[in-house]
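For reference, the structure discussed in these notes is given below.
2 protein chains.
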Amino acid sequence: MGDKKKAIVYVRLKDGVLDPQGVTIHKALMQMGYKDFLSVRSGKFFELEINANGAEIDRQIDEVCSKLLSNPVIENFSVEKKG
Amino acid sequence: MGDKKKAIVYVRLKDGVLDPQGVTIHKALMQMGYKDFLSVRSGKFFELEINANGAEIDRQIDEVCSKLLSNPVIENFSVEKKG
Numbered sequence: 005m006g007d008k009k010k011a012i013v014y015v016r017l018k019d020g021v022l023d024p025q026g027v028t029i030h031k032a033l034m035q036m037g038y039k040d041f042l043s044v045r046s047g048k049f050f051e052l053e054i055n056a057n058g059a060e061i062d063r064q065i066d067e068v069c070s071k072l073l074s075n076p077v078i079e080n081f082s083v084e085k086k087g
Numbered sequence: 005m006g007d008k009k010k011a012i013v014y015v016r017l018k019d020g021v022l023d024p025q026g027v028t029i030h031k032a033l034m035q036m037g038y039k040d041f042l043s044v045r046s047g048k049f050f051e052l053e054i055n056a057n058g059a060e061i062d063r064q065i066d067e068v069c070s071k072l073l074s075n076p077v078i079e080n081f082s083v084e085k086k087g
């Protein structure tokens, strides 16, 4: 049994790509009277638990990010490794 | 015109709450042959741009998190402030 480590993948829309969810949340904030919130941009993240002894784990994470976890046409991703 | 600052709100499902999106992604990874990925847990985040001169901004952010950005029954949130 191998050690585990964790990676967090953050996926966000590229600059210039419209974010309807963020816009909707911002409108709701305005309607609720929260005038000090100037903009909202939404994103998602994935916490991956990984076998630390796996081969070429970093390359695998990168592959998985662009093939499955993000849409490279409209989204960027970044990876934060832990432990 | 006030200064702007940024806060990032991370929303994740509480421990023990089923995460169908994470489970589905993990199954897909297994089918694609990525055997070193042990589990996947999904979450979302929101980048808030805020008027730094607003009154009681920290309290407002906390309110907004529990009222609008998360469902306190099944989700936890954490806030990271920047700038």
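Those sequence lines, one after another, are chains A and B. So the first sequence is numbered by this note's numbering: it starts at 5 and just counts up by one. So the second sequence is numbered by this note's numbering: it starts at 5 and just counts up by one. Each residue gets a CB set at the ideal place from its N, CA and C atoms; glycine is no exception.
(1) Mind checking the stretch 41 to 59 of chain A against chain B and listing, in chain order, the residues whose C-beta falls within less than 9 Å of any C-beta there?
(2) Establish whether the CB of Ile78 (chain A) and some CB of chain B are separated by less than 8 Å.
(3) If you check the beta carbons only, do Lys85 (chain B) and Lys9 (chain B) fall under 8 Å apart?
(4) How about Val27 (chain B) and Phe81 (chain B): do their beta carbons lie closer than 8 Å?
(5) Inspect the beta-carbon positions of Asn75 (chain B) and Asp7 (chain B) and report whether they are closer than 8 Å.
(6) Taking 8 Å as the CB-CB limit, is Lys85 (chain A) close to chain B?
(7) For Val21 (chain A), would you say it is in contact with chain B, using Cβ-to-Cβ distances shorter than 8 Å as the test?
(8) Let me confirm a value: Lys39 (chain A) is counted as buried when at least 16 other C-beta atoms fall within 10 Å, else exposed. Which label applies?
(9) Which partner residues does Ser43 (chain B) have in the DSSP bridge list?
(10) Let's test the definition: count the other Cβ atoms within 10 Å of the Cβ of Ile78 (chain B) and tell me whether it reaches 16, buried, or not, exposed.
(11) Where do the ends of the alpha helix (DSSP H) carrying Glu67 (chain A) lie?
So, from the listed chains and residues:
(1) Phe41, Leu42, Ser43, Val44, Arg45, Ser46, Gly47, Lys48, Phe49, Phe50, Glu51, Leu52, Glu53, Ile54, Asn55, Ala56, Asn57, Gly58, Ala59
(2) Interface residue (Cβ-Cβ distance to chain B less than 8 Å): Ile78 (chain A) is not classified as such.
(3) yes
(4) no
(5) no
(6) no
(7) no
(8) Lys39 (chain A) counts as exposed, since fewer than 16 other beta carbons sit within 10 angstroms of its beta carbon.
(9) A:Glu53
(10) exposed
(11) 61 to 68
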